[in-house]
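Sequential numbering of the sequence shown, starting at 1, is according to full-length UniProt numbering.
Note sheet for the following structure.
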Amino acid sequence: MFIGKEKDEMFMWIFKFAARKKLGMLLLCFVSIAVVLWILYVGKGEVTQELGSVRSLGFINISTVGFSGHSSPNDEIKITIYNDKKITSQSPPPPIYNTGYTLLPGNPCETFTLPPPPADKKRIGPRPCPVCYLPVEEAINLMPKAPSFSPILQNLTYIHEENSTKSEFGGSVFGGYPSLKQRLESYDVKESMKIHCGFVRGDKPGHNTGFDINDSDLFEMNQCQGVLVASAIFGAYDLIQQPKNISEASKKNVCFFMFIDEQTQKFLKNSNDLNDNNNKKIGLWKIIVVHNLPYTDPRRNGKIPKLLLHRLFPNVRYSLWVDAKLELVVDPYQILERFLWRKNTSFAISRHYKRFDVFVEAEANKAAAKYDNASIDFQVDFYKTEGLTPYSESKLPITSDVPEGCVVIREHIPISNLFTCLWFNEVDRFTSRDQISFSTVRDKIMFNTNWTLYMFLDCERRNFVVQGYHRDILEHWAPPPPPTFQLAVSSPSPSPIPFDETPKQIVTRLRRDRKSRRHRPAKIRGRGMLFKKEKEGDHA
């Protein structure tokens with residue numbers, strides 16, 4: 001009864017509107033609603049089916065050095081729109097990498113070969129040899145527009161922890177005390193990795209990390225892009241050497257940064273080389289004062305900027321590290337072109353002029369008292385348990401296991417950054433003698449990847465840097481003998497160089513001493529030769 005009554009009322013309602021001639025409009029509304037519901041139902045099913053086949057939509061392989069992300073060949077981005085048209089967007093084009101170049105036919109450097117060494121029997125030991133550099137303008141034009149390929153590793157990030165605990169031997173708070181398990185895992189190169197690489201505390205490298213730098217200096221370091229030349233003096237151990245033969249293009253575009261500690265800052269201020277009027281610059285060098293050094297050993301502190309420049313300068317593409325005792329005499333662009341870009345490599349370092357075996361290098365370090373013998377023996381024995389063997393021809397084309405580490409030329413890409421991070425971790429855990437740990441890190445990475453580095457001749461290194469003296473040697477350099485007409489019964493012991501003596505005074509006196517060495521007694525002359533051999537042989 002109730003349903004029948006509803007039907008009667010509905011018909012009466014329709015007839016009421018029909019009388020007003022609006023029945024057609026009402027029926028049109030019902031039809032429109034039905035059509036919309038049908039479209040929504042059908043469209044939902046098709047869109048759901050299409051989206052189910054889309055694998056991913058996002059960003060992958062983000063590089064930490066500022067280059068664009070890289071896509072894997074298996075990834076695909078597919079967007080479909082149904083409106084009588086189908087639009088499909090495939091995966092983006094593969095990233096572009098630097099593949100190297102060859103010099104044009106007729107270029108003198110294309111056929112350049114090393115001449116035989118001069119037959120000078122009076123001069124023994126290492127010496128520079130000729131190197132074929134391109135003109136600065138040509139070298140700049142050959143600077144790669146794209147980064148080199150980083151095999152396997154695409155995304156490298158770093159461990160940050162405020163409270164690290166020492167669980168095994170070696171290491172430091174600055175390095176984060178990586179465990180032996182973490183050390184082993186860090187050599188298993190993967191597409192994405194997170195490792196220890198110094199600066200484990202603080203907000204960012206140089207800020208409350210134990211190797212602290214003023215905010216204004218950090219800001220200026222972040223502005224450095226392109227090419228960087230860096231060096232460091234800690235413990236007032238060296239004198240600042242000014243680069244020579246630097247082009248106007250390099251003076252304008254290349255960053256020159258010198259890291260010093262507070263002790264060196266005091267020495268430079270006493271010598272009037274550093275003051276408030278020169279904007280913390282000495283010649284081309286921008287001086288960066290580092291506070292709260294993490295190590296008591298100045299040489300170990302020096303390994304931080306030497307091996308971790310990519311962490312201190314996140315926007316730099318290429319860097320040239322030069323020990324402070326060396327004088328750079330060739331333009332940085334020419335060096336990068338000759339030893340990095342022309343060889344299509346991301347890391348270059350010279351091999352030792354004489355030693356190529358780690359075991360021989362370790363014994364030489366012990367004989368020269370470079371580090372305590374027990375620590376050197378412990379490190380070598382540890383590497384032996386991991387498979388370290390004396391160098392032999394079976395390692396070819398690797399020509400040496402011992403670098404001359406005073407110059408490092410590199411491109412900042414993930415795989416080379418990994419190498420220097422792991423190299424630093426070995427220096428942090430074992431001795432500061434990085435020549436001993438170099439080949440272990442290199443071989444472990446090369447075993448898991450097809451990455452290689454370039455070890456050039458030591459005589460080629462001596463072509464673009466001139467060897468100097470550490471300040472401690474200068475302080476003990478024998479003074480010139482008294483004039484022959486003086487009758488001195490006894491001569492007082494030589495006094496050390498005053499702490500406030502200027503570098504120019506030291507260099508002037510050193511040159512005067514050299515000229516007068518031929519007139520010295522045999523005993524003193526032999527002492528001078530000893531320092532000369534130390535200069536030409538083992539380096540800090």
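Beta carbons: idealized from backbone N, C-alpha and C, even for Gly.
* Would you check if the region 354 to 374 and the region 158 to 176 touch, i.e. whether three or more CB-CB distances between them fall below 8 Å? => By the C-beta criterion, the region 158 to 176 is judged not to be in contact with the region 354 to 374, since fewer than 3 inter-stretch pairs fall below 8 Å.
* Are the beta-carbon atoms of K354 and D434 separated by less than 9 Å? -> Contact: no.
* What number of angstroms, rounded off, separates the C-alpha of P108 from the C-alpha of R342? -> Whole-angstrom Cα-Cα distance: 14 Å.
* To do: Please go through the same chain and pick out, in chain order, the residues whose beta-carbon is closer than 8 Å to the beta-carbon of S490, but skip the five residues on each side of it.
  => Note that S490 has pLDDT 36, beneath the 50 cutoff, so the model's placement of it is unreliable and no number is given.
* **Short Cβ contact (9 Å threshold) for C132 with L457** => No, they are not a contact pair.
* Which residues bound the beta strand (DSSP E) around V229? -> Counted as a single uninterrupted DSSP element, the beta strand (DSSP E) harbouring V229 occupies residues 226 to 233.
* To do: Going by DSSP, name the residue or residues bridged to P403.
  => Answer by DSSP bridge pairing, in chain order: R351.
* Look at the Cβ atom of T99, then the Cβ atom of N344, and state whether they are nearer than 9 Å. => Yes; because the gap between Cβ atoms is below 9 Å, this pair is in contact.
* Just how far apart, CA to CA, sit D401 and I246? -> Going by the C-alpha atoms only, they are around 32 Å apart.
* To do: Can you give me the start and stop residues for the alpha helix (DSSP H) that E262 sits inside?
  => Counting along the chain, the alpha helix (DSSP H) containing E262 begins and ends at 262 to 270.
* Starting from F359, trace the beta strand (DSSP E) both ways and give me its first and last residue. => Per DSSP, F359 belongs to no beta strand (DSSP E); it is in the alpha helix (DSSP H), 358 to 367.
* Inter-stretch contact (C-beta, 8 Å, three-pair minimum) for the region 223 to 243 and the region 314 to 332 -> These segments touch.
* Name the DSSP beta bridge partners of R410, please? -> Partner(s): S319, F347.
* **8 Å CB neighbourhood of S350 in its chain, flanking five on each side removed** => The answer, listed in chain order, is P403, E404, V407, M455, F456, L457, D458, E460, R461.
* Can you tell which of V427, N448, L312 has the C-alpha that lies nearest to the C-alpha of D203? -> Ranking the options by Cα distance to D203, first place goes to L312.
* Put Q486 into one of helix, strand or coil per three-state DSSP. => With a pLDDT of only 37 at Q486, under 50, the local geometry of the prediction cannot be trusted, and the value read off the model is given with reservation. Note: Q486 maps to coil in three-state DSSP.
* To do: State buried or exposed for P243, treating a residue as buried only when at least 16 other CB atoms are found within 10 Å of its CB.
  => Burial call: buried.
* Cα separation between F199 and T209? -> Each residue's alpha carbon lies about 5 Å from the other.
* **Start-to-end residues for the alpha helix (DSSP H) that takes in S216** => Note, S216: alpha helix (DSSP H), 215 to 223.
* Proximity of L453 and Y187 at Cβ, strictly below 9 Å -> If you check the CB distance, L453 and Y187 do not come in under 9 Å.
* Asked: Of all the options D331, D238, L104, which has the alpha carbon lying nearest to the alpha carbon of L284?
  -> D331 is the residue among D331, D238, L104 whose C-alpha sits nearest the C-alpha of L284.
* Three-state secondary structure assigned by DSSP to N155 -> Correct three-state label for N155: strand.
* Contact the region 154 to 162 vs the region 258 to 269: 3+ CB pairs below 8 Å -> By the Cβ criterion, the region 154 to 162 is not in contact with the region 258 to 269, since fewer than three pairs of Cβ atoms, one from each stretch, lie closer than 8 Å.
* Asked: Should I436 be flagged as near chain D, meaning a C-beta pair shorter than 9 Å?
  -> The structure shown contains no chain D, having only a single protein chain.
* Backbone CA spacing between P147 and Y295 [nearest angstrom] -> When rounded, the distance between both Cα atoms is 34 Å.
* Which class does D203 belong to by DSSP, given the choice of helix, strand or coil? -> Three-state result, D203: coil.
* To do: Sort A232, T440, I140, D297 by Cα distance to K286 and report the nearest one.
  => Nearest C-alpha to K286: A232.
* Out of curiosity, what's the CA-to-CA distance linking E327 and H310? -> Roughly 23 Å between the two C-alpha positions.
* Asked: Quick one: what does DSSP say S192 is sitting in, helix, strand or coil?
  -> Assignment of S192 by DSSP, reduced to helix, strand and coil, places it in the strand class.
* CB contact flag (T420, R410, <9 Å) -> Result yes, Cβ atoms of T420 and R410 sit closer than 9 Å.
* How many Å lie between L104 and H412 at the Cα? -> Cα to Cα, L104 sits roughly 27 Å from H412.
* Just mark S495 as buried or exposed, buried being the case when its beta carbon has 16 or more other beta carbons within 10 Å. => Caution applies to S495, whose pLDDT of 39 falls short of 50 and renders its modelled position unreliable; the model cannot decide the point.
* Are V329 and F359 closer than 9 Å when you measure CB to CB? -> Cβ atoms of V329 and F359: not closer than 9 Å.
* Asked: Is S179 helix, strand or coil when you go by DSSP?
  -> In this structure, S179 counts as coil in the three-state DSSP scheme.
* **Cβ neighbour criterion (16 or more within 10 Å) applied to N275** => Exposed: under 16 other Cβ atoms inside 10 Å.
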